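> First residue of the sequence shown: 1359, per the numbering used here; consecutive thereafter.
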Amino acid sequence: MKASVLDQRNGERTFIVVFETGDEAVAGLVSFVKARRLRASHFTAIGAFSRAVVAFFDLASKQYRHVPIDEQVEVLSLAGDITVDGDEPKVHAHVVLGKADATAHGGHLIEAHVRPTLELVLTELPTQLRRRFDPASGLALIDPTLR
1359 MKASVLDQRN GERTFIVVFE TGDEAVAGLV SFVKARRLRA SHFTAIGAFS
1409 RAVVAFFDLA SKQYRHVPID EQVEVLSLAG DITVDGDEPK VHAHVVLGKA
1459 DATAHGGHLI EAHVRPTLEL VLTELPTQLR RRFDPASGLA LIDPTLR
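(1) Which one or two residues does DSSP pair with Ile-1468 in a beta bridge?
(2) Compare the beta carbon distance of Ala-1507 and Val-1431 with 8 Å and say whether it is the shorter of the two.
(3) Distance, Cα to Cα, Arg-1489 vs Asp-1381?
(4) Put Lys-1392 into one of helix, strand or coil per three-state DSSP.
(5) CA-CA distance, Ala-1393 and Ala-1460?
(6) So the candidates are Gly-1456, His-1450 and Leu-1480; which of them puts its Cα closest to the Cα of Asp-1365?
(7) Tell me which same chain residues have a C-beta within less than 6 Å of the C-beta of Glu-1446, skipping the five on either side of it?
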């Protein structure tokens, strides 16, 4: 993974983060976020994966159902945000993956192995966003009153 700052103004920084073949995208992004102490950001990306795990949140059971995708796929869309949950950064990403037969699959991105690249543009926001556990859904949701 390689990264650099593209722009910096008004308390915002925009980075380009380029992942290479063999990188695990989610762990790499978490590592990038921790190293730069990012507290509130949003990002988009395109590229390709050799395999990935996406998940669907089952509201009735309040658990994620993991769906492995064990083939080369195009990253048609990857979007997410970074917030703070306790003292740890929390990466929340959704992805749409295109298969060779032109079908698409998607969900919450759990794990993804890059091949050959993933090009991610991330903008750090000037304020911190925090999550708070919501007992009704069983999820840690962004609380706009906590900063």
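Using N, Cα and C, we set each Cβ at its ideal position, and we do this for glycine too. Keep in mind it's a predicted model, so treat the numbers as computed, not measured.
On the basis of the coordinates in this document:
(1) Reading the sequence shown from its first residue, position 110 is the one you call residue 1468. Note: Ile-1468 sits in no beta bridge, so no partner.
(2) Residue numbering for the chain in the displayed model covers 1359 to 1505; residue 1507 lies beyond these limits and cannot be assessed.
(3) By one-based count along the sequence shown, residue 1489 stands at place 131. By one-based count along the sequence shown, residue 1381 stands at place 23. Cα to Cα, the separation comes out at about 28 Å.
(4) Position 34 of the sequence shown, counted from the first residue, corresponds to residue 1392. Reduced to three states, the DSSP call for Lys-1392 is helix.
(5) In the sequence shown, residue 1393 corresponds to position 35, counting from 1. In the sequence shown, residue 1460 corresponds to position 102, counting from 1. If I take the Cα positions, the gap works out to 37 Å.
(6) Locating residue 1365 in the sequence shown gives position 7, counting from the first residue. Comparing Cα-Cα distances from Asp-1365 to each of Gly-1456, His-1450 and Leu-1480, the minimum goes to Leu-1480.
(7) Counting from 1 along the sequence shown, the entry for residue 1446 is found at position 88. Once the five neighbours on either side are set aside, Glu-1446 has no close Cβ partner at all.
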